Amino acid sequence: MDLGKIREDILTFVRSSYPDMQVRVEPWSEDPSKIALFFIEKKFEPIYPLQRYHYLCHKIPKDYQDRELANTIWFELAPGESPEDLRYPDEELIEEITPDVMKCVIAAQILEALDDVMCPVDGDTPREKCHGDYRHTRPILLERRFTEDEFFDVFHVLMAQGGNCDCEILFNIAKGSRLATEYWSARAEGRKPVDSHRSG
Ligand SMILES: [Zn+2]
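Taking my numbering, I'd label the letters of the sequence shown as residues 6 to 205.
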């Protein structure tokens with residue numbers, strides 16, 4: 006396997022979204038029969054490793070992943086982080102806590118508050134754009150007595166339901182959010198919907 010070629014290919018795939026990403030491709034120190042891919046990116050700082058992985062997966066074509074990257078281990082790092090810093094969720098635990106976490110989220114009206122920020126009822130209130138992270142959901146959670154310690158669980162429960170960023174929470178989890186309703190009515194009427202993502 007030509008490691009230099011893989012590195013070049015990956016840089017080509019990610020360039021449009023991550024022009025400054027550093028990519029290292031090398032035999033994995035824990036099992037040299039596998040290839041370690043290190044993706045080092047400043048934009049990864051505010052987001053969880055699973056979100057980073059989600060975005061990378063979108064950038065690197067699936068058929069390329071299947072063909073060339075089947076034997077690779079990925080490390081999605083912000084500058085200064087090492088693989089030991091990466092924390093991934095326990096999928097079984099997330100599944101188990103999902104009903105109760107969602108009860109708390111719904112009781113605290115987090116989804117409505119987020120809709121107010123991203124798609125205000127009053128047309129004069131400026132609307133916030135999504136930055137592909139949770140910068141609008143975090144303060145809402147804090148205001149409503151969720152703690153920073155709870156964020157990891159809450160956000161991984163949301164991610165497991167397709168809420169990979171602020172706007173996706175409204176599109177994929179909140180039932181009947183104004184943001185989603187507005188988007189689809191624009192589409193149905195042949196208008197260009199407001200793009201809630203600042204960057205793709
Ligand atoms: Zn978004």
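Backbone N, C-alpha and C define an ideal beta-carbon position, used for all residues, glycine too. A quick note: this is a predicted structure, and the numbers were derived from the prediction, not measured.
Query: Could you say which of V28, L8, M6 lies nearest to L16 if we only look at CA atoms?; Result: V28
Query: Where do the N-terminal and C-terminal ends of the alpha helix (DSSP H) with D71 fall, by residue?; Result: 67–73
Query: Please report the straight-line C-alpha distance between C62 and R143, rounded to a whole angstrom.; Result: 25 Å
Query: How far does the beta strand (DSSP E) with D154 in it reach, from first residue to last?; Result: Taken as a continuous stretch (DSSP letters only), D154 belongs to no beta strand (DSSP E), being part of the alpha helix (DSSP H) at 153–165.
Query: Output the residue ranges of the alpha helix (DSSP H) runs that lie fully inside the stretch 24–110 and measure 4 residues or longer, sorted by chain position.; Result: 54–64, 67–73
Query: Identify which residue in H59, P198, I40 has its Cα closest to the Cα of Y93.; Result: H59
Query: Could you name the residues of the same chain whose beta carbon sits closer than 8 Å to that of L82, not counting the 5 residues immediately before and after it, in chain order?; Result: F43, F44, I45, E46, F49, P88, D90, L91
Query: Report the rounded CA-to-CA distance for G167 versus H161, giving the unit in angstroms.; Result: 10 Å
Query: Can you give the Cα-Cα distance for F156 and N169, rounded to whole angstroms?; Result: 14 Å
Query: Apply the 10 Å Cβ neighbour rule to S204 and answer buried if 16 or more other Cβ atoms are within range, or exposed otherwise.; Result: Low local confidence applies: a pLDDT of 42 at S204 is under 50, so the model's placement there is unreliable, with the coordinate-based value given in what follows. By the 10 Å Cβ count, S204 comes out exposed.
Query: How close, in whole Å, do the beta carbons of C124 and R183 come, if the pair is a contact with beta carbons under 8 Å?; Result: 4 Å
Query: Taking the alpha helix (DSSP H) that G195 falls in, what are its first and last residues?; Result: No alpha helix (DSSP H) holds G195; DSSP gives it neither H nor E.
Query: Which residues have their C-beta within less than 7 Å of a heavy atom of ligand 1, listed in chain order?; Result: C135, G137, C170, D171, C172, E173, S201, H202
Query: CA-CA distance, Y188 and N76?; Result: 40 Å
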